[in-house]
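Visitor: Okay, so the sequence shown: first residue is 6 according to my numbering, each after it adds one.
For each residue, glycine too, the CB sits at the ideal point set by N, CA and C.
Treat the numbers as computed from the prediction; the structure is a model and nothing was measured.
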Amino acid sequence: MMRCMLFFILLQLNNNHFFPIPTLYLFMKKHLVVSADEAVSHIPSNCHVHLSSVALAPLVLIEALCRRADKGDVKGLKFHHFHTEGPAPYSELRYENIFTEQGFFVGPNVRPNVNAGYADYVPVHLGESGFLYRNGAIKLGAALVQVSCPDSEGRVSLGTSVDCTLAAIETADVVIAVMNKNVPFAYGDLVSLDQIDYVVEHDAPLITKSFAAPTELEIQIGRKCAELVDDGACIQMGIGGLPNAVAAGLTGHKNLGVHTEMFADGVLELIRKGVVNGAAKNIDQGKIVASFLLGSNDVYNFIHKNPDVLMKDIAYTNDPWVISRNDKVTAINSATEVDITGQICADSIGTRIFSGTGGQLDFVRGAVMSKGGKSITAFASRTNKGKNKIVPMLNAGGGVVTPRADAHWVVTEWGAVDLTGRSLQERAKLLISIAHPDDREMLDRAAFERFGPHYHNFDL
Numbered sequence: 006m007m008r009c010m011l012f013f014i015l016l017q018l019n020n021n022h023f024f025p026i027p028t029l030y031l032f033m034k035k036h037l038v039v040s041a042d043e044a045v046s047h048i049p050s051n052c053h054v055h056l057s058s059v060a061l062a063p064l065v066l067i068e069a070l071c072r073r074a075d076k077g078d079v080k081g082l083k084f085h086h087f088h089t090e091g092p093a094p095y096s097e098l099r100y101e102n103i104f105t106e107q108g109f110f111v112g113p114n115v116r117p118n119v120n121a122g123y124a125d126y127v128p129v130h131l132g133e134s135g136f137l138y139r140n141g142a143i144k145l146g147a148a149l150v151q152v153s154c155p156d157s158e159g160r161v162s163l164g165t166s167v168d169c170t171l172a173a174i175e176t177a178d179v180v181i182a183v184m185n186k187n188v189p190f191a192y193g194d195l196v197s198l199d200q201i202d203y204v205v206e207h208d209a210p211l212i213t214k215s216f217a218a219p220t221e222l223e224i225q226i227g228r229k230c231a232e233l234v235d236d237g238a239c240i241q242m243g244i245g246g247l248p249n250a251v252a253a254g255l256t257g258h259k260n261l262g263v264h265t266e267m268f269a270d271g272v273l274e275l276i277r278k279g280v281v282n283g284a285a286k287n288i289d290q291g292k293i294v295a296s297f298l299l300g301s302n303d304v305y306n307f308i309h310k311n312p313d314v315l316m317k318d319i320a321y322t323n324d325p326w327v328i329s330r331n332d333k334v335t336a337i338n339s340a341t342e343v344d345i346t347g348q349i350c351a352d353s354i355g356t357r358i359f360s361g362t363g364g365q366l367d368f369v370r371g372a373v374m375s376k377g378g379k380s381i382t383a384f385a386s387r388t389n390k391g392k393n394k395i396v397p398m399l400n401a402g403g404g405v406v407t408p409r410a411d412a413h414w415v416v417t418e419w420g421a422v423d424l425t426g427r428s429l430q431e432r433a434k435l436l437i438s439i440a441h442p443d444d445r446e447m448l449d450r451a452a453f454e455r456f457g458p459h460y461h462n463f464d465l
């Protein structure tokens, strides 16, 4: 850390015109920049390791750690992160007893290994993930991150993935940063070079993700969600076909704001059309606030040195109290299944972990606390294989991400119902009304068996 402190002092001198930038850069290269293999040699065995997430997974450092493991030089590393894009060898059986995957969210690259039992998952609301580091529940031996090139003040940006990486940098014993010219310099929560122990220069392109155009079914659901969004609302939604369909349904709205944990190309289109301008926000007025991104290079380029975008610590973006300070917060999330009492499962399919708790409940509660806010859970009434997603009871082992007491608007292609203040039997009738027509008789029979003859003797 002393080397970084010296470099930071020189940067301050540079601001007072004592040193030219090229001299500073050579100083950094001589005293701070190392190879990936040298950098990871400073990670001790038997410790917890944080990885930058989503599009900023530090693949060059992961590969170097694998080379070190192949030589038998390290063991007992436990990896933590949000979902990562790209290869995830740290979750594979071949590194059993050397690496252990313990992510805070399960992406496609680790999902089979988690469900096979030789990788694992830490259930946590994403808004609380940084607290695991800051309060010492997880004591980090190392943080492996990607950052932008520094500005003239010796600060780097965490680009497209601030998430809980800021907390990792603050608390890890060793911080190793891949400095990549392709990482956008996004404003918001920045990091000083004096917080970094070793820098590895590696200019690999960021991982991008393209999403298929919304299906006709998704467009139907998206339109129903958009009808619930008021002008001047502050929106939160995720990524994928359905969120893009919702975004497409919002093109006629006015003065929308964005405060979300993540966004992608669908929201970018609303910004460019002037639908999103943040004018009605009470906090961060005029700003698009997020914690991580995944999409095209168009999205990544958009946030580069854009004063209208703030990339913030997940502890800020997902804090329900912070969320609620804006009026008309409208949170739009999804589900794998919902039972007839309103219990919302979103992280699993039975005992099989599919994703994670994510930030769903963070935003559900923040939206409901907001003046004029709405929480919406939107999904197709059936899976692609024809299985009903409104069910009498959640599949055995299914996780309740949003408790029934927190369930409010529920939307399928068949309609939208508000469960706020509704009894169990009323909820059953409402949810059955937006189930697939071919499933309604079965669900009605299950409700009758659960609630008894009175169930059929009242109307909504």
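Would you tell me roughly how many angstroms separate the C-alpha atoms of Asp303 and Asp270, rounded to the nearest one?
Guide: Counted from its first residue, the sequence shown places residue 303 at position 298. Counted from its first residue, the sequence shown places residue 270 at position 265. Between Asp303 and Asp270, the C-alpha separation is close to 8 Å.
Visitor: Please report the residue range of the alpha helix (DSSP H) in which Ala383 lies.
Guide: Stepping through the sequence shown from its first residue, residue 383 is reached at position 378. Ala383 -> not in any alpha helix (DSSP H); beta strand (DSSP E) instead, spanning 379-383.
Visitor: If you count every other CB in all the chains shown that lies within 10 Å of the CB of Arg432, and 16 or more means buried, which is it?
Guide: To locate residue 432, count along the sequence shown from 1; it is residue 427. By the 10 Å Cβ count, Arg432 comes out buried.
Visitor: Would you call Gly457 buried or exposed, if buried means 16 or more other Cβ atoms sit within 10 Å of its Cβ?
Guide: Numbered from its first residue, the sequence shown carries residue 457 at position 452. The residue in question, Gly457, is exposed, as its Cβ has fewer than 16 Cβ neighbours within 10 Å.
Visitor: Can you find the residues in the same chain that come closer than 7 Å, C-beta to C-beta, to Pro63, ignoring five residues on each side of it along the sequence?
Guide: On the sequence shown, position 58 is the one that residue 63 refers to. Excluding residues within five positions, the ones whose Cβ falls inside 7 Å are Leu56, Ser57, Leu149, Val150, Gln151, Val183.
Visitor: Report all residues from its chain with a CB closer than 6 Å to the CB of Ala124; omit the five preceding and five following residues, and keep chain order.
Guide: What you label residue 124 is simply residue 119 of the sequence shown in a count that begins at 1. Hits under 6 Å: Ser96, Glu106, Val115, Asn118.
Visitor: With DSSP as the reference, please indicate the residues paired to Glu342 in a beta bridge.
Guide: Along the sequence shown, one-based indexing puts residue 342 at 337. Note: Glu342 sits in a beta bridge opposite Cys350.
Visitor: To the nearest angstrom, report how far apart Asp449 and Thr170 are at their CA atoms.
Guide: Indexing the sequence shown from 1 puts residue 449 at position 444. Indexing the sequence shown from 1 puts residue 170 at position 165. One C-alpha to the other measures close to 47 Å.
Visitor: Helix, strand or coil for Leu31, going by three-state DSSP, please let me know.
Guide: Translated into positions along the sequence shown, residue 31 becomes position 26. With a pLDDT of 42 at Leu31, under the threshold of 50, the predicted position of this residue should be treated as unreliable, and no value is reported.
Visitor: When burial is assigned at 16 or more other CB atoms within 10 Å of the CB, is Arg277 buried or exposed?
Guide: One-based indexing of the sequence shown puts residue 277 at position 272. Classification for Arg277: exposed.
Visitor: Rounded to whole angstroms, what is the Cα-Cα separation between Thr388 and Gly81?
Guide: To locate residue 388, count along the sequence shown from 1; it is residue 383. To locate residue 81, count along the sequence shown from 1; it is residue 76. Going from the Cα of Thr388 to the Cα of Gly81 covers about 40 Å.
Visitor: Is Ile328 near the ligand NAD, with its Cβ less than 6 Å from a heavy atom?
Guide: Among the components modelled here there is no ligand, and therefore nothing to report on the ligand NAD.
Visitor: State the start and end residues of the unbroken alpha helix (DSSP H) segment that holds Thr322.
Guide: Taking the first residue of the sequence shown as 1, we reach residue 322 at position 317. Note, Thr322: alpha helix (DSSP H), 319-322.
Visitor: Could you check which residue in Asp443, Val422, Ala440 has the C-alpha nearest to that of Leu465?
Guide: Taking the first residue of the sequence shown as position 1, residue 465 is located at position 460. Comparing Cα-Cα distances from Leu465 to each of Asp443, Val422, Ala440, the minimum goes to Val422.
Visitor: Going by beta-carbon coordinates alone, are Gly364 and Phe110 separated by less than 7 Å?
Guide: Stepping through the sequence shown from its first residue, residue 364 is reached at position 359. Stepping through the sequence shown from its first residue, residue 110 is reached at position 105. No, Cβ-Cβ distance for Gly364 and Phe110 is not below 7 Å.
Visitor: What's the gap between the Cα of Val180 and the Cα of Gly347?
Guide: For the purposes of this step, residue 180 is taken as the residue at position 175 of the sequence shown. For the purposes of this step, residue 347 is taken as the residue at position 342 of the sequence shown. C-alpha separation (whole angstroms): 44 Å.
Visitor: Taking the Cβ atom as the reference point for each residue, do Ala172 and Gly135 lie within a distance shorter than 7 Å?
Guide: Taking the sequence shown and counting its residues from 1, one reaches residue 172 at position 167. Taking the sequence shown and counting its residues from 1, one reaches residue 135 at position 130. Yes, these two residues count as a Cβ contact at 7 Å.
Visitor: In this structure, how does DSSP classify Trp419 when only helix, strand and coil are distinguished?
Guide: Working through the sequence shown from its first residue, we reach residue 419 at position 414. Note: Trp419 maps to coil in three-state DSSP.
Visitor: Is it buried or exposed for Leu66, if we count other Cβ within 10 angstroms and need 16 for buried?
Guide: If you number the sequence shown from 1, residue 66 lands on position 61. Classification of Leu66: buried, given that the 10 Å Cβ count is 16 or more.
Visitor: Given this structure, state the Cα-to-Cα distance separating Asp411 from Gly246, to the nearest angstrom.
Guide: Along the sequence shown, one-based indexing puts residue 411 at 406. Along the sequence shown, one-based indexing puts residue 246 at 241. C-alpha separation (whole angstroms): 25 Å.
Visitor: Measure the CB-CB distance between Gly371 and Ser428 and report whether it falls below 7 Å.
Guide: In the sequence shown, counting from the first residue as 1, residue 371 sits at position 366. In the sequence shown, counting from the first residue as 1, residue 428 sits at position 423. No, the Cβ-Cβ distance between Gly371 and Ser428 is not below 7 Å.
Visitor: For the stretch 315-335 and the stretch 131-146, state whether three or more C-beta atom pairs, one from each stretch, are separated by less than 8 Å.
Guide: These segments touch.
Visitor: Which residue's Cα is closest to the Cα of Thr407: Asn393, Asp344, Thr417?
Guide: For the purposes of this step, residue 407 is taken as the residue at position 402 of the sequence shown. Measuring from the Cα of Thr407, the nearest candidate turns out to be Asp344.
Visitor: Across which residues does DSSP place Gly193 in a beta bridge pair?
Guide: By one-based count along the sequence shown, residue 193 stands at place 188. Gly193 pairs with Met316.
Visitor: The alpha helix (DSSP H) with Thr176 in it runs from where to where?
Guide: Translated into the one-based positions of the sequence shown, residue 176 becomes position 171. Here the alpha helix (DSSP H) through Thr176 covers 170-176.
Visitor: State yes or no: is the beta carbon of Met316 nearer than 7 Å to at least one beta carbon in chain B?
Guide: The question asks about chain B, but that chain is absent: this structure has only one protein chain.
Visitor: Taking DSSP as the reference, what is the three-state secondary structure of Ile103?
Guide: Locating residue 103 in the sequence shown gives position 98, counting from the first residue. Looking at Ile103 - three-state DSSP - the assignment turns out to be coil, as it is neither helix nor strand.
Visitor: Beta-carbon within less than 7 Å of Leu273's beta-carbon, same chain only, minus the 5 sequence neighbours each way: which residues are those?
Guide: For the purposes of this step, residue 273 is taken as the residue at position 268 of the sequence shown. Closer than 7 Å at the Cβ level, and outside the excluded window around Leu273, lie Asp303, Val304, Phe307.
Visitor: Val45 to Ala440, Cα distance in whole Å?
Guide: To locate residue 45, count along the sequence shown from 1; it is residue 40. To locate residue 440, count along the sequence shown from 1; it is residue 435. Distance between the alpha carbons of Val45 and Ala440 is about 52 Å.
Visitor: From the DSSP output, in three-state form, read off His36 for me.
Guide: Along the sequence shown, read from residue 1 onward, the residue named residue 36 stands at position 31. With a pLDDT of 46 at His36, under the threshold of 50, the modelled position of that residue is not reliable, and the figure given next carries that caveat. Residue state, collapsed to three classes: helix.
Visitor: What is the C-beta distance between Ile381 and Asn331, in whole angstroms, given that I count them as a contact (C-beta under 8 Å)?
Guide: Counted from its first residue, the sequence shown places residue 381 at position 376. Counted from its first residue, the sequence shown places residue 331 at position 326. Actually they do not touch by this definition, with Cβ atoms about 16 Å apart.
Visitor: Is Gly420 near Thr356, with beta carbons less than 7 Å apart?
Guide: As a first step, residue 420 must be located in the sequence shown, where it is residue number 415. As a first step, residue 356 must be located in the sequence shown, where it is residue number 351. In this structure, Thr356 does not lie closer than 7 Å to Gly420 by Cβ.
Visitor: Should Glu232 go down as buried or exposed, given a rule of 16 or more other Cβ atoms within 10 Å for buried?
Guide: Here the question's residue 232 lines up with position 227 in the sequence shown. By the neighbour-count rule (16 or more Cβ atoms within 10 Å), Glu232 is not buried but exposed.
Visitor: Any idea if Arg446 is buried or exposed, counting beta-carbon neighbours within 10 angstroms, 16 or more meaning buried?
Guide: If you number the sequence shown from 1, residue 446 lands on position 441. Before going on, a small fix: residue 446 reads as Glu here, not Arg. Under this definition Glu446 is an exposed residue.
Visitor: From Ala191, Val205, Leu163, Val167, pick the residue whose C-alpha is nearest to that of Val39; which is it?
Guide: The residue you call residue 39 lines up with position 34 of the sequence shown. The shortest C-alpha separation from Val39 is found at Val205.
Visitor: Leu98: buried (16+ other C-beta within 10 angstroms of its C-beta) or exposed?
Guide: The count along the sequence shown starts at 1 and reaches residue 98 at position 93. Exposed, because fewer than 16 other Cβ atoms sit within 10 Å of the Cβ of Leu98.
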